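Notes follow the structure.
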Amino acid sequence: MTSNPKVSVIIPVYNGESYIAEAIESALTQTYRNFEIIVVNDGSTDSSYEKIKPYLPFVKYIFQENQGVAAARNTAIKYSSGEFIAFLDQDDVWIAEKLELQVDYLLHNPDVGLVHSNMSYINEEGKLIEREFDFPSRIAGRCFGELFIKNKIAILTVFLRRDCLDRVGLFNVQFSGVDDYDLLLRVSRYYPVGYINQFLAGYRLHGSNTSRDWLAITLTRLKIIESLLKKYPKIRSELGKKTVSDRLFQLYCEVAHQYCHQNKHKAAIEYWKKGITEHPAKLGLYFEIIWCAITPCQRRVLNWYKHKILKMLRRRYYLS
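Numbering-wise (numbering that gives the first Met the number 0), the sequence shown opens with residue 0 and increments by one.
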């Protein structure tokens with residue numbers, strides 16, 4: 000490896016006219032200069048191309064029919080030539096020193112497969128939002144077990160070696176939308192992870208990314224975990240049966256709750272039952288199944304009695 004390795008910056012775009020120029024600018028103004036930018040337009044129907052057009056002399060631009068973010072990232076990787084790879088989404092930004100710091104980290108830590116950092120939240124105008132950091136810091140080393148329990152790494156901060164992708168493969172298009180989590184699990188299973196305790200990227204909060212389909216996302220996370228357990232059955236013994244059961248139980252219950260909110264009670268019952276297979280002593284799940292199985296009229300009657308009893312108990316408490 001050279002002392003000045005080339006970095007490939009991967010930017011997928013789909014209807015990103017509002018912020019894509021700002022994302023590209025934040026990549027172009029990096030203090031580390033040996034990089035290429037690959038922008039894949041994933042079948043945008045808005046004016047994304049017009050926003051990208053002024054930057055065509057400085058980026059490698061590819062248009063493809065809409066296939067989803069995972070496929071767009073894979074296309075960009077296939078057209079890239081860098082020893083290191085970094086990911087930037089169309090509405091996010093980097094601070095100017097990001098690539099420089101991460102290149103230096105991997106050069107000084109040859110055993111590490113990828114390095115990540117903290118991220119800040121920004122609003123639609125690009126201003127910092129005072130919000131608690133959602134991705135807990137300091138996850139590093141052999142951290143597959145931690146990531147199995149919860150994704151704690153933001154893709155816009157990820158910087159990895161091409162060798163990692165050669166070994167574990169590209170993004171899985173079947174998990175589009177949560178494909179980054181799947182990739183992080185596969186990489187962390189084979190490589191130590193590095194961490195830089197600085198805020199090197201800004202994740203933009205706006206209407207499109209705050210109104211996501213959380214049921215679909217949770218179902219996809221569940222598919223990722225189930226497929227991983229099927230491919231690597233030793234995970235149960237490596238992490239411990241309780242850790243694996245707790246993770247599956249959590250995801251089954253999340254899916255069931257979301258189905259309940261959508262009044263899809265038959266589907267909810269299916270996932271409550273799956274939760275029971277992992278933790279049969281959780282009595283609350285049996286009540287959830289009963290609740291989903293009864294009619295709407297019966298639920299209203301039970302709710303009426305519940306509120307009546309609670310009101311009576313509160314009154315007795317205050318009078319005592």
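Here a beta-carbon is modelled for each residue, glycine too, at the ideal position from N, C-alpha and C.
None of the values given here were measured: they were computed from a predicted structure.
Delimiting residues of the beta strand (DSSP E) encompassing residue i
i	result
residue 32	Element bounds for residue 32: n/a, residue is neither H nor E.
residue 339	Absent from the structure is residue 339, since the part of the chain shown begins at 0 and ends at 319.
residue 193	192 to 203
residue 158	158 to 160
Per DSSP, cross-strand counterpart(s) of residue i
i	result
residue 41	63
residue 11	39
residue 115	194
residue 120	128, 202
residue 140	192
residue 6	34, 83
residue 92	201
Candidates the options: closest to residue i by CA position
i	options	result
residue 50	128, 70, 23	23
residue 124	268, 137, 21	21
residue 182	57, 143, 7	143
residue 150	280, 138, 160, 158	138
residue 60	91, 33, 19	19
residue 86	17, 220, 201	201
residue 145	97, 122, 185	185
residue 62	74, 191, 267, 296	74
residue 44	34, 16, 36, 37	16
residue 30	310, 94, 104, 197	94
residue 36	13, 47, 72	72
residue 120	91, 105, 141	91
residue 42	197, 237, 105, 68	68
residue 83	232, 4, 246, 235	4
residue 248	129, 108, 269, 230	269
residue 250	260, 263, 216	216
residue 246	278, 291, 104	278
Residue i classed as buried or exposed, judged by whether at least 16 other C-beta atoms fall within 10 angstroms
i	result
residue 77	exposed
residue 319	With a pLDDT of only 49 at residue 319, under 50, the local geometry of the prediction cannot be trusted, and the value read off the model is given with reservation. It is exposed - the Cβ of residue 319 has fewer than 16 other Cβ atoms within 10 Å.
residue 289	exposed
residue 118	buried
residue 189	exposed
residue 70	buried
residue 165	exposed
residue 187	buried
residue 212	exposed
residue 27	exposed
residue 101	buried
residue 162	exposed
residue 280	exposed
residue 55	exposed
residue 127	exposed
residue 64	exposed
residue 195	buried
residue 2	exposed
residue 168	exposed
residue 148	exposed
residue 240	exposed
residue 265	exposed
residue 331	No statement about residue 331 is possible, as the shown extent of the chain runs from 0 to 319 and does not include it.
residue 57	exposed
residue 236	exposed
Limits of the alpha helix (DSSP H) - the one that residue i falls within
i	result
residue 251	240 to 260
residue 74	68 to 77
residue 276	264 to 277
residue 226	213 to 230
residue 54	Counting along the chain, residue 54 falls outside any alpha helix (DSSP H), and DSSP gives it neither H nor E.
residue 102	97 to 107
CB contact check: residue i to chain C, cutoff 8 Å
i	result
residue 211	Chain labels in this structure do not include chain C; a single protein chain is all it has.
For this session: Taking 8 Å as the threshold, find out whether the region 105 to 118 comes into contact with the region 220 to 233 through three or more Cβ pairs.
Result: Touching, no, given that fewer than three Cβ pairs across the two stretches are closer than 8 Å.
For this session: Count the CB pairs spanning the region 253 to 263 and the region 198 to 208 that are closer than 8 Å, and state whether there are at least three.
Result: Counting Cβ pairs under 8 Å, fewer than three are found: no touch.
Exercise. Would you say the region 83 to 99 touches the region 7 to 14, given that touching needs at least three Cβ pairs under 8 Å?
Worked result: Taking a contact to require three or more Cβ pairs closer than 8 Å, the region 83 to 99 and the region 7 to 14 qualify as touching.
Exercise. Touch check for the region 212 to 222 and the region 168 to 183: three-plus C-beta pairs under 8 Å?
Worked result: Touching, yes.
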